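Note that the protein sequences, when read in sequence, are chains A and B.
Per my numbering, residue 40 is the first one in the first sequence, and the count goes up by one each step.
Per my numbering, residue -19 is the first one in the second sequence, and the count goes up by one each step.
For each residue, glycine too, the CB sits at the ideal point set by N, CA and C.
Note that the structure is a prediction, hence the values are computed from the model and not measured.
These notes are about the structure you will find just below.
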Amino acid sequence: MEKLVNLKINNIPVTVPEGSTILKAAHDSGIKIPTLCYLRDVNEIGACRICVVEVKGARSLVAACVYPVSEGMEVFTNTPKVRNSRRLTLELILSNHRMACLTCPRSKHCELLALADEFGIEAVRYAGDDMQPRIENTSLHLIRDNSKCVLCRRCVTTCRNIQEVGVIGPNDRGFDTHISCAFDRDLCEVDCISCGQCINSCPTGALAEQDDTDKVWAALNDPKKHVVVGTAPAVRAALGESFGMPIGTNVEGQMVTALRRLGFDKVFDVDHAADLTIMEEGTEFLHRLQGEGSLPMITSCSPGWIRYCEQHYGDQLDHLSTCKSPQQMFGSMVKTYYAQKCGIDPKDIVVVTIMPCVAKKYEVQRQEQRLPNGCMPVDISITTRELARMITSAGLLFDYLPKGRFDELLGISTGAAVIFGATGGVMEAALRTVAATLLGDENAPLEFKDVRGTEKGMDSIRVAEYELPGRTVKVCVASGISNAKKIMDDIRAGTCEYDFIEIMACPGGCINGGGQPLHTSYEQDYIDIRGLRAGALYNQDESMSLRKSHHNPMVKKLYEEFLGEPCGHKSHELLHTHYIPRKKHIL
Amino acid sequence: MPNCKTLVNYTGTPQQEEQLRQVIEKYKGQPGAAMPVLQEAQEIFGYLPEEVQVIIANGLDLPLSEIYGIASFYAQFTMNPKGQYRISVCLGTACYVKGAAAIVEAVEKHLNIRNGGITPDGKFSLDCCRCIGACGLAPVMMINDEVYGKLTPEKVVEILNSYN
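Here it is, written out as structure tokens:
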């Protein structure tokens, strides 16, 4: 039995489980204590002092986010002393914050701005010392502006503890403290994997994606260019949030219409390429099961994960599936198959992808993925957030848009492709096709629920076994780099028993990617954002008549007309790639 | 802060690096290992250049950002070696009121280094120090064991030039 503790908050008797913080106890009794540095399970350090409360008998104010409740405790959350202290703290933070709210991409979701509003701050009484922009924009995916940083360390703990990448930290001391890489090296010089989870954890506009929307507008306005767009599965499950729709609303139809109205010549679905990925990856796995290549085989859809693997497990790269990611397969097919079919010179085609991911911005420039015709598969990759900005700036009233349909040739997909966006989705999609290949479609199971993430956060490591003719196949699904690390260490030690592993860099998979609409720490704490977004994808899967990748008629047509067979010669040339061990440190 | 990458080439020897590895072995796995390892590394190398911090990060299996965060936080750590000529400008009370700040500035400007830094050729390093007991000569600076008193920014340049 859980032990309970009785206390009073603002004179109201409250009973909560032992070990609860004052913050949690207060929330459960209907009182929201403001926070800034707090991010549940990620950053609980009591540093910013915004959440201070009075505890009867305590010498000073205490930080509610880390202070545990005790029997008989009397807490006051709204006394003049508390209010003055919080206000002073906030004013001091603001005094050193470059308040460029009018031009800040974060203004709509800024937790600092919300606090200033909540506290009724009309003017900041203290002039700060350094109000110049301090911008680091050397990487392809991220911009850091330390003049908007509040030193909460949420990005640091996300990078260190959730992703266990640890490329950023607080450097120097006192007023000079700033978040950056070791030796203040540029982000492009260190082993950042470009996952962008730091952006999602930042309370202010100090971290943001590189905005590539101008490049997209330029392409759309260039009459000589044929501009083709493709959307990743997870985008449709989150884009609506940017227009005030409830989390978990699937806006595929409106998204398609919006893209068409933005002026794209063809609106395709990267889901189609996800089905193609399954054909290739499933076939590759069957080959490996027959002894051609290393086991376990690990998925290669997540560019952040790939980069991490190349940097930290350069000796294990033979385990990675040689399949390009769906984004890169999509671009490869547009600039070969589609170009040929429509009689357009691939050099005149601009391929734009809409991704839940900032690492995709890095992936598009991976030179080893260049096509034999000299083209890069994808030209510009923008995030869900950037697409939302484009839609807004084009004056499209998103909720008024009629539902549209993707253009057929590379726009038809199955339920197996839709679930790619959630952790476990690629594995389930692959198993649907692999099982059907070995057992026949009628005898093969359709759903593989063991590999789905069901708990809040969806970041557990899940393991399952399936009986297939001739052998038992053991599979494993992990998301978040800290989980990937555990599995890779087992592989390196020779103690890994799995045959097939799905790894996604972001906890929960692409639905929680670094390019998805942002939410405050409070929303992240109390709403199952990942679960709701994943739910939208699983619902779509269930509603579809075609739910196995090999049933996709357009994929079948693609093989008949162009590729030949999965993992055949042409596939290897266009849809597969190789990996390169990379150094962790630039030295 | 002058902590960042030193401009002087790394000259650590294989013997020093081996010594460091033994230190890392001694502390590896212990909580808070980074601090004593950094201290002993500084004793071995005299300073903590990036090359040394990378060995420590890899050896302790900690992110380099964490090692650097510690090294840049504590005043006891330096990421620059000491030069052939170690300049110490006194910032004691007497020197300070007699214009030591302008002396520091003159050195910084003339050598194009900041407090705590070293010239790329390894010749001059600059530190500020507390009272050296020569208040009657304020403002004062030392270059190695030589004391120079009653300084003016112009005099500083003359003195520094005499070391070339």
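Chain B within 9 Å of residue i, Cβ atoms only
i                      : result
residue 207 of chain A : yes
residue 189 of chain A : no
residue 226 of chain A : no
residue 426 of chain A : no
residue 221 of chain A : yes
residue 199 of chain A : yes
residue 626 of chain A : yes
Span separating the alpha-carbon of residue i from that of residue j
i                      : j                      : result
residue 192 of chain A : residue 474 of chain A : 46 Å
residue 531 of chain A : residue 506 of chain A : 26 Å
residue 79 of chain A  : residue 564 of chain A : 6 Å
residue 187 of chain A : residue -7 of chain B  : 43 Å
residue 493 of chain A : residue 570 of chain A : 7 Å
residue 514 of chain A : residue 319 of chain A : 18 Å
residue 529 of chain A : residue 49 of chain B  : 30 Å
residue 168 of chain A : residue 135 of chain A : 7 Å
residue 124 of chain B : residue 62 of chain B  : 10 Å
residue 396 of chain A : residue 422 of chain A : 6 Å
residue 303 of chain A : residue 179 of chain A : 24 Å
residue 629 of chain A : residue 432 of chain A : Beyond the ends of chain A as shown, which are 40 and 626, falls residue 629 of chain A; an answer cannot be given.
The ligand NAD heavy atom lying under 8 Å from the CB of residue i
i                      : result
residue 318 of chain A : Absence of the ligand NAD is noted for the structure shown, with no ligands found whatsoever.
C-beta neighbour in chain A for residue i, strict 9 Å
i                      : result
residue -4 of chain B  : no
residue -19 of chain B : Residue placement at residue -19 of chain B is poorly supported in this model, since its pLDDT is 43, which falls under 50; the coordinates still yield a value, given next. Taking Cβ atoms only, chain A reaches closer than 9 Å to residue -19 of chain B, which makes this a yes.
residue 31 of chain B  : yes
residue 142 of chain B : no
residue 61 of chain B  : no
residue 88 of chain B  : no
residue 21 of chain B  : no
residue 38 of chain B  : yes
residue 8 of chain B   : no
Where residue i falls: helix, strand or coil (DSSP)
i                      : result
residue 376 of chain A : helix
residue 415 of chain A : coil
residue 517 of chain A : strand
residue 289 of chain A : coil
residue 113 of chain A : strand
residue 120 of chain B : coil
residue 501 of chain A : strand
residue 102 of chain A : strand
residue -19 of chain B : Confidence in residue -19 of chain B is poor, its pLDDT being 43 and thus under 50, which makes the residue's placement too unreliable to answer from.
residue 303 of chain A : coil
residue 213 of chain A : helix
residue 65 of chain A  : helix
residue 47 of chain A  : strand
residue -12 of chain B : coil
residue 152 of chain A : helix
residue 296 of chain A : helix
CB-CB length for residue i against residue j, believed under 8 Å
i                      : j                      : result
residue 83 of chain B  : residue 131 of chain B : 5 Å
residue 616 of chain A : residue 407 of chain A : 6 Å
residue 107 of chain A : residue 60 of chain A  : 6 Å
residue 572 of chain A : residue 277 of chain A : 5 Å
residue 301 of chain A : residue 377 of chain A : In fact, because the Cβ distance is near 19 Å, the residues do not count as touching under 8 Å.
residue 119 of chain B : residue 80 of chain B  : 4 Å
residue 323 of chain A : residue 361 of chain A : 7 Å
residue 306 of chain A : residue 298 of chain A : 5 Å
Contact set for residue i: own chain, Cβ-Cβ below 6 Å, skip 5 residues either direction
i                      : result
residue 88 of chain B  : 94
residue 618 of chain A : 349, 356 and 359
residue 47 of chain A  : 113
residue 117 of chain B : 129 and 130
residue 403 of chain A : 417 and 420
residue 557 of chain A : 148
Beta-carbon contacts of residue i that lie in its chain and below 8 Å, excluding the five residues immediately before and after
i                      : result
residue 442 of chain A : 291, 292, 293, 295 and 296
residue 92 of chain B  : 99
residue 49 of chain A  : 70, 114, 115, 116 and 117
residue 126 of chain A : 158 and 160
Residues near residue i in its chain [Cβ-Cβ closer than 7 Å; skip 5 each side]
i                      : result
residue 121 of chain B : 67, 68, 69, 70, 83, 128 and 131
residue 465 of chain A : 338, 340, 459 and 541
residue 566 of chain A : 286
residue 240 of chain A : 78, 81, 193, 194 and 197
residue 25 of chain B  : -8, -4 and 32
residue 42 of chain B  : 14
residue 201 of chain A : 81, 236, 519, 521 and 546
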